[in-house]
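Contents: one structure, followed by commentary.
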Amino acid sequence: MARRKIIAGNWKMNKTPSEAVALVNELKPLVACDDVDVVFCVPAIDIIPVMEAAKGSNIQVGAENMYYEESGAYTGEISPAMLTDVGVKYVVLGHSERREYFAETNETVNKKVLKAFEHGITPIMCCGETLDQREQGVTIDFIRQQIKVGLQNVTADQAKTMVIAYEPIWAIGTGKVATTEQAQEVCAAIRACVGEIYDEATAQAIRIQYGGSVSAASAPELFAQNDIDGGLVGGAALKPDFGKIVNYK
Ligand code: 13P
Numbered sequence: 348m349a350r351r352k353i354i355a356g357n358w359k360m361n362k363t364p365s366e367a368v369a370l371v372n373e374l375k376p377l378v379a380c381d382d383v384d385v386v387f388c389v390p391a392i393d394i395i396p397v398m399e400a401a402k403g404s405n406i407q408v409g410a411e412n413m414y415y416e417e418s419g420a421y422t423g424e425i426s427p428a429m430l431t432d433v434g435v436k437y438v439v440l441g442h443s444e445r446r447e448y449f450a451e452t453n454e455t456v457n458k459k460v461l462k463a464f465e466h467g468i469t470p471i472m473c474c475g476e477t478l479d480q481r482e483q484g485v486t487i488d489f490i491r492q493q494i495k496v497g498l499q500n501v502t503a504d505q506a507k508t509m510v511i512a513y514e515p516i517w518a519i520g521t522g523k524v525a526t527t528e529q530a531q532e533v534c535a536a537i538r539a540c541v542g543e544i545y546d547e548a549t550a551q552a553i554r555i556q557y558g559g560s561v562s563a564a565s566a567p568e569l570f571a572q573n574d575i576d577g578g579l580v581g582g583a584a585l586k587p588d589f590g591k592i593v594n595y596k
């Protein structure tokens with residue numbers, strides 16, 4: 348069974364609520380497409396206005412992070428129920444920027460993945476190596492560990508519905524896109540790892556994105572690879588170019 352592509356924008360810490368509405372209005376006609384899932388993952392304060400602006404379009408709205416507790420004394424955090432209450436369906440978890448600047452670990456990412464599933468939110472779980480790790484030849488080992496710990500106690504049925512984003516850290520925001528071969532190689536290794544943890548059916552169902560300087564120019568070749576089921580797009584998701592990435596065919 349062919350996997351449906353999923354092309355998501357990660358806005359990171361960009362766009363005030365009013366800027367966000369203007370951007371959605373600009374992108375709405377450009378990202379119209381029946382063949383792929385289109386998700387805008389936006390800052391928490393932009394979620395509600397973006398949902399309103401996206402009404403009636405094919406744009407689904409996701410969050411960029413979420414905490415793993417239900418509620419309580421966690422100043423500054425966003426709970427899963429806060430997200431589902433306004434209709435959020437996806438959440439980016441374990442982005443390398445959260446790991447680097449906010450001390451997220453494979454263990455906290457795993458707690459968040461489990462909590463997202465408890466609330467019916469689809470995790471987009473990120474993984475990816477540093478340039479040092481690539482040069483040391485430990486890319487696949489490092490990513491297998493991220494995947495194996497991130498998926499602890501996740502059932503096969505849950506894993507089948509989730510998304511893994513492979514984002515080599517050295518390719519994020521650098522304009523330095525991984526070669527198609529590099530991206531395909533790691534995405535295939537991630538799928539094989541999922542097959543080892545669960546079974547072949549789960550490996551074939553899970554969707555794996557590539558992220559890291561995806562552009563309108565690089566998207567068609569990347570998304571044509573066997574194990575790449577779409578992209579997680581940073582900078583280019585804030586521009587009309589995102590329409591070309593979504594309609595890459
Ligand atoms: P860029 O597309 O800006 O490199 O960002 C990638 C990314 O981190 C998406 O999550």
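Straight run, no breaks: the sequence shown in our numbering ends on number 596.
Beta carbons: idealized from backbone N, C-alpha and C, even for Gly.
Which stretch, first to last residue, makes up the beta strand (DSSP E) that contains Val385? 384-389
Using 7 Å as the cut-off, classify the Cβ of Ala391 as near or not near the heavy atoms of the ligand 13P, replying yes or no. no
With DSSP run on the structure shown, which of helix, strand or coil describes Ala349? coil
Please specify which runs of the beta strand (DSSP E), each continuous and at least 3 residues long, are wholly inside the region 488-537, giving them in chain order. 510-513
Between which two residues does the beta strand (DSSP E) harbouring Pro470 extend? 469-474
Neighbourhood of Val385 by C-beta distance below 7 Å, restricted to the same chain and skipping five residues each side: Ile354, Val378, Asn405, Ile406, Gln407, Val593
If you follow the alpha helix (DSSP H) that Tyr414 is in, where does it begin and where does it stop? Per DSSP, Tyr414 belongs to no alpha helix (DSSP H) and is neither H nor E.
For Val371 versus Ala410, is the C-beta spacing smaller than 8 Å? no
CA-CA distance, Tyr421 and Gln551? 38 Å
Ala355 bridges to which residues according to DSSP? Val386, Leu579
For Gln407, the three-state DSSP class (helix, strand or coil): strand
If you draw a straight line from the alpha carbon of Tyr595 to that of Arg446, how long is it in whole angstroms? 30 Å
In the structure shown, what three-state DSSP assignment does Val439 receive? strand
Assuming Pro470 and Leu440 form a contact by the criterion Cβ under 8 Å, report the distance between their Cβ atoms to the nearest whole angstrom. 5 Å
Compute the Euclidean distance between the alpha carbons of Ala506 and Ser560, then round it to the nearest angstrom. 26 Å
In angstroms, rounded to a whole number, what distance separates the CA positions of Cys380 and Gln499? 35 Å
Kindly indicate which residue of Ser443, Lys375, Pro587, Gly577 has the alpha-carbon position closest to the one of Ala349. Gly577
Gln556 - partner residues in DSSP beta bridges: Ala512
In whole angstroms, what separates the C-alpha of Ile553 from that of Cys388? 19 Å
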